[in-house]
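In our numbering, the protein residues as written are -7 to 100.
This is the structure we're talking about:
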């Protein structure tokens, strides 16, 4: 059983589990299968959202993107055009925001 701590839910340890469906508390996108979960808080993260890097470069944007926990709530993802939640990659100079899964070309 794999367990991790994550900056979006620092008070608890998240356990790797497999579920039929869940809503990721990191990015707000529905998921199924493997997640990291806190049962007592009903908190779930996609496996990628739980382990994604703090910063990255990608082909869809010319600047480096930084993972941030807040400040973009309710804005639209620049890739899928759906509302963003707590966990997004953001470009400070441009205001470009993208879900962690969208930057990888994956939607669950």
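Don't be surprised by glycine CBs; every beta carbon is placed ideally from N, CA and C.
Ordered along the chain, which non-local residues of its own chain (more than five positions away) have a Cβ less than 8 Å from that of residue i?
| i | result |
| --- | --- |
| residue 89 | 64, 67, 68, 69, 70, 76, 80, 81, 82 and 83 |
| residue 32 | 4 |
| residue 60 | 79, 80, 81 and 82 |
Give the range of the beta strand (DSSP E) segment to which residue i is assigned.
| i | result |
| --- | --- |
| residue 80 | 80 to 82 |
Near residue i, what residues of its chain come up, given a Cβ to Cβ distance below 6 Å and the 5 sequence neighbours on each side ignored?
| i | result |
| --- | --- |
| residue 14 | 23, 27 and 36 |
Go ahead and pull the three-state DSSP assignment for residue i.
| i | result |
| --- | --- |
| residue 3 | coil |
| residue 73 | coil |
Tell me, which residues are paired with residue i by DSSP?
| i | result |
| --- | --- |
| residue 29 | 7 and 36 |
| residue 47 | 58 |
| residue -5 | 7 |
Go to residue i, then tell me how far its alpha helix (DSSP H) extends in each direction, as first and last residue.
| i | result |
| --- | --- |
| residue 92 | 92 to 95 |
Leaving out five residues on either side along the sequence, give the residues of the same chain with a beta carbon under 7 Å from the beta carbon of residue i.
| i | result |
| --- | --- |
| residue 30 | 1, 4 and 6 |
| residue 10 | 25 and 26 |
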